[in-house]
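Working notes for the structure below.
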Amino acid sequence: MDKEQVTLTIDGKTVTVPKGMVAVDAAKTVDIDIPVFCYHEKLGPFGCCRMCLVEVEKMPKLATACTLNVSQDMVIKTDTPKVKKGRNGVLEFTLLNHPLDCPVCDKGGECPLQDNTFEHGPDLTRMEYNRAHHDKATPLSPVITIDRERCIACQRCTRYSDIIEKDTALVMLNRGFHNEVGTFNNEPYDTRFSGNVVDICPVGALTNTQYRFKSRNWDLKNAESLCAHCACNCNIVIGTRQNRFMRVQAKSSENSVSNDFVDDGWICDKGRFGYQFLESKNRILDPRENGIGDSRAGVIETAKKVAASFKKIAEEHGPDSVGFLGSPFGTNEELYLYQKLFRLGLGTNNIDHKLYADSPGLPVDHYDMEDVESADLVLTIASDPTEELPILDLRLKKAVSSLGTKLAVLSDQQTLMDCFACHSLRYNVGSDGTVLQSLTDGLGKKGFKKNKGFETETGIESDAFKELIASLKKSTKVCVIYNPEKLTGDSVHILKSFLTALDKNSEGTCGAIPAAPATNALGAMDMGVLPDYYPGGIPVSNAAKIRELWGDSAPVTEGASASELIQKAESGELKALWIYRCNPLVDFPGGAKLEQALKKLDLLVVHDMLETETTRIAKVVLPSNGPGYDEGTTTNIGGRVQFRKRGIVTQNPADWKILGAMLKELDIESDYRDSFEVTSEIASTVPGYSEVNRKNLRKFGHQREKVSNPKVPESKGSSEKAPDKNALRLRVSNYLFAHDKILDASSSLAHHFQTSSIYIHEDDAKSLGLSSGAEVTIKSDWGEIKAEVQVNNRCNPGGALVPYISDEQGVASLLNPDGGPTWVTFKN
Amino acid sequence: MFTFSESSEKQIEKIMKKYPVKRSAILPLLALAQRQDGYITPEAMVEIGKRIDCSPAYVQSVCSFYTMFYTKPVGKYVIQFCINISCHLLGCDDLLEYTANKLNIKVGETTADNKITLLKEECLAECSAAPVMRLNDTYHTNLTREKIDQILDSLD
Ligand code: SF4
Ligand code: SF4
Ligand code: FES
Ligand code: FES
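Residue numbers (the working numbering), protein chains in the order written: chain A, 20 to 847; chain B, 41 to 196.
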């Protein structure tokens, strides 16, 4: 239902806006700019700075436009002598103690205080006394510097910490004249979202330490781009100067318009401060063969040569002797072209990009991130938004605390979302299949009956479970957010049956957001980087459709999955493997055996951005420019396709160009002149992407249609018992600031790095005789790693939680290579 | 480590019942902590935050807003000298300096024997009887040097 509209006059212009809108925003709709400091559209009215004074007919005094709710027939004037005098006076007060060090202030040139003073302020001051002084440049955290002299006490930053972040870590201390922004006991203000205060501070009080004194804003070239760290795909502005990276800002009302379909105008600290990799020493710049780099060899020439070698191997040993291991970090264009190269150029479906089970498509609506706010119940399953998809965390908090959304958390681990949830159910590690099956059955006619067996197996109390089912049934809009990566075995298929059941049995509407954390996880599935699906979720079994779209030579037998590719390398069946932006030696289970298998290959090609453990053993290494340099589209968790613009120009060819050349080398027509031509081809061949075009991508991106909804495979189910009574079932969780290739030791975020820990339940700690702080070796059938024990019930008894904190930690080496459960024991 | 004493705990129970919104109990809890230790430590702020579901930073921000809450140890007697406009016009600056000299400390300090702390304060809402100071829970009005001598001499 549309909100009631009101019509009023601002400076003689007639304005019709929803009732209750504040005058500042109403004026904006007719391009009348009312100056503000404390008001911010995402923080709501506050009224502490008095910058926004306006005259309102029938009101005796000037009113603050940021707290003034417009009403029918209101007459507002923003340019009368009275208003001018008011603004002038407010600014004189605001500037009373301001140091006016604009020439050495990072904000200079993009400073609302400067701009407002220039336009509305006094030329001179009547201040005859010494100005108040504070320390200059105090670190508020390792990434933010505060200059308290410049603060005008508008409280945007502290209100942000309270209203948006919800943890009130940044506050106003003291009173009146002594007011200062600070933290408890001078601790660093070091949250996952702290950097946003730099964007919203209307003066140079809060500055980005990385960017301090690096550039003036008018010297920057700004590219409206996307963050490439996680699958939220937040909108960022990359600022460069003379083709060097300078800073990242959120795309927001401060510099443009915020994309409320995605990030609501905020980004996380990884997105803001985690971009030093753009100029890392570890970047691959030249192609390399047999360990010898050659800057003259030419990336394209080398790529064409290797493509020809792959062709030769495929001809000699059959198409299934070659394979491709892709990455959920590539763009749609890159991944699309790669699968095309392998399918049409080499004739194989040996293509994959992931280790967990999942198939494209959803049996219900694919919800956009924004739907979280209009849902009345959000159910997260095995998802940990705070660590995996930070902006989703902020959106959930907003929905729960100001929009009346209820949150239900169903997980095998404690998350920071739990305290916002009205249902918080923790299942035993590995029992997700049973939980989801019971949920599916519970929604059906039979309903769910209290049952001991269920309680012992899952660790969830029947009553709480029943309540969750009841809530699901009676809600008017349910949004299910699940992380397929953290479901065990093939229970993602049960989850999809649950969605079908939910759709059938709930009173309202429902939809889902598949929330795998990798940047383009959804795009990689949509683009068919899968052994059993073509782009757009067309199963290889649908030969007719495939022939129609891809021609007669397109292979229609299922290829090898990622783990099968490794097995085949080991057995010698696979002769050549192409790895794109993926580092199996660290991310895949298998340890030393995996390395041996890869070394057995006749030809191992790695096409990547940064040097990794895997590039070191590759026969051929090709440089990939990656985010910041190459453009293309990615699809976020909400199915929203957006264009990622480049910020820096490089001599090296873009990946789509390299791929175009290789396709041509293998006699496939390809004359792409820019990445958009690949996008157009995607639009014409990939179901769901037909409306993705330059025009639709502008501004806010475009939510792709649902990709076809293939029949959900039956789950094979699983019943696993601990091999011995001292073994715990391993659950690897995510940590936002893991020390990997992207965030390396030189990163500004390195202070967030953690040491290897294992979290166990107090019951297990007791029976195993372990206590917090104990240094142990964790052993599984496949490997061992070192960790410190933390006893704090982050998971139920029987489970052991190990956050992935660094590549070096080697946690993947513990995992069961065939995807089954991993049990761990301890050695002191 | 900070813990509320047993008798404080009893009072907390009563206090918490009064407020439907937990965080509303912040001022009584701060007062309680101060009564117990003489001033409010960071540890006490953490503990109070836990009781009312607020961040310690929030507790500190409220605590630092009020000059009646001390975050450093104070003497047995605390003098809060009003320096606001009415008192100012009637010569509080001179009286404050006089007091400081007499006690041989600077404003903001505590005497070496931990007996008296001298602080500045904003308007004590007793302007009609300015200059004014507050000595622990008592107001002393219409101050003069003589009056100050008397008051200080009477302290044990
Ligand atoms: S630091 Fe900036 S945002 Fe925060 S109160 Fe001061 S001026 Fe406002
Ligand atoms: S939430 Fe994800 S996409 Fe957004 S800024 Fe953070 S890492 Fe980047
Ligand atoms: S913007 Fe209106 S009072 Fe600050
Ligand atoms: S000014 Fe001193 S009591 Fe009011």
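Cβ atoms here follow ideal geometry from the backbone N, Cα and C, with glycine treated the same way. The structure presented is a predicted model; accordingly, all values stated were derived computationally and were not measured.
In the DSSP annotation of this structure, Arg175/A is not part of any beta strand (DSSP E); the continuous alpha helix (DSSP H) holding it starts and ends at Arg175 to Arg178. The three-state reading of DSSP puts Gly530/A in strand, counting E and B together. In the three-state reduction of the DSSP assignment, Lys32/A falls in the strand class, which pools E and B. Contact note: Cys94/B reaches chain A through Thr187, using a C-beta cutoff of 9 Å and chain order. Scanning the stretch 634–672 of chain A from its first residue to its last, no whole alpha helix (DSSP H) run of 4-plus residues comes out. Apart from sequence neighbours up to five positions away, the residues of its chain that approach Leu159/B with a beta-carbon distance below 6 Å are Gln120, ordered along the chain. Cys438/A counts as exposed, since fewer than 16 other C-beta atoms from the protein chains shown sit within 10 angstroms of its C-beta.
Around ligand 3, the residues whose beta-carbon falls short of 6 Å from at least one of its heavy atoms are Val55/A, Phe56/A, Cys57/A, Tyr58/A, Gly66/A, Cys67/A, Cys68/A, Arg69/A, Met70/A, Cys71/A, Thr83/A and Cys85/A, given in chain order. According to the DSSP assignment, Thr399/A belongs to the beta strand (DSSP E) that extends over Leu396 to Ile400. For Asn254/A, the enclosing beta strand (DSSP E) stretches over residues Asn254 to Arg260. Residue range Gly818 to Ser825 is occupied by the beta strand (DSSP E) that includes Pro822/A. In the DSSP assignment, Glu794/A falls within the unbroken beta strand (DSSP E) covering Glu794 to Lys798. Inter-residue distance for Leu62/A and His180/B is about 45 Å (C-alpha atoms, whole angstroms). Arg263/A is the residue among Asp305/A, Arg263/A, Asn274/A and Asp313/A whose C-alpha sits nearest the C-alpha of Tyr294/A.
A distance below 8 Å between beta-carbons, with the five flanking residues on each side excluded, links Ser45/B to the following residues of its chain, in chain order: Gln76. Within a 10 Å sphere around the beta-carbon of Arg717/A sit fewer than 16 other beta-carbons, which makes this residue exposed. When the five nearest sequence neighbours on each side are left out, the beta carbons in the same chain lying within less than 8 Å of the beta carbon of Arg600/A are those of Gly345, Ser346, Phe348, Gly349, His626, Asp627, Met628, Ser643 and Gly645, in order along the chain. One alpha carbon belongs to Leu833/A, the other to Trp801/A, and they sit about 5 Å apart. Using a cutoff of 8 Å, the CB of Ile163/A does not count as near ligand 1, since none of the ligand's heavy atoms is closer than that. In the DSSP annotation of this structure, the continuous segment of the alpha helix (DSSP H) that includes Asp218/A starts and ends at Asn215 to Ile219.
About 16 Å separates the beta carbon of Thr654/A from that of Asn502/A, a gap too long to meet the 8 Å contact definition.
With a threshold of 9 Å between beta carbons, Pro82/B makes contact with chain A.
At a cut-off of 9 Å between beta-carbon atoms, Ala170/B makes no contact with chain A. Relative to the Cα of Phe56/A, the nearest Cα in the group Pro836/A, Ile500/A, Ile219/A and Ala562/A belongs to Ile219/A.
In this structure, Asp186/A keeps its C-beta atom at 9 Å or more from the C-beta atom of Thr157/A. When DSSP reads this structure, Met173/B sits in a beta bridge with Phe121/B and His180/B. For Val640/A, the closest C-alpha among the options Gly658/A, Leu381/A, Glu320/A and Ala581/A is that of Glu320/A. Under the Cβ criterion (8 Å, minimum of three pairs), the stretch 139–154 of chain A does not count as touching the stretch 750–757 of chain A. With a contact defined as Cβ atoms closer than 8 Å, Thr841/A and Ser799/A qualify at about 5 Å. Residues of the stretch 99–130 of chain B with a Cβ closer than 7 Å to any Cβ of chain A, in chain order: Gln100, Ser101, Ser104 and Phe105. A heavy atom of ligand 4 is found nearer than 8 Å to the CB of Ile125/B. For His128/B, the shortest C-beta to heavy atom distance toward ligand 4 is below 8 Å. For Lys618/A, the CB contacts under 7 Å within the same chain, skipping 5 residues up- and downstream, are Ile636 in chain order.
Judged by DSSP in its simplified three-state form, Asp621/A adopts coil rather than helix or strand.
Sequence-distant partners of Ala169/B (beyond 5 residues in either direction) whose C-beta falls short of 7 Å from its own C-beta, in its chain, are Thr181 and Asn182. Per DSSP, reduced to three states, the secondary structure at Ala581/A is helical.
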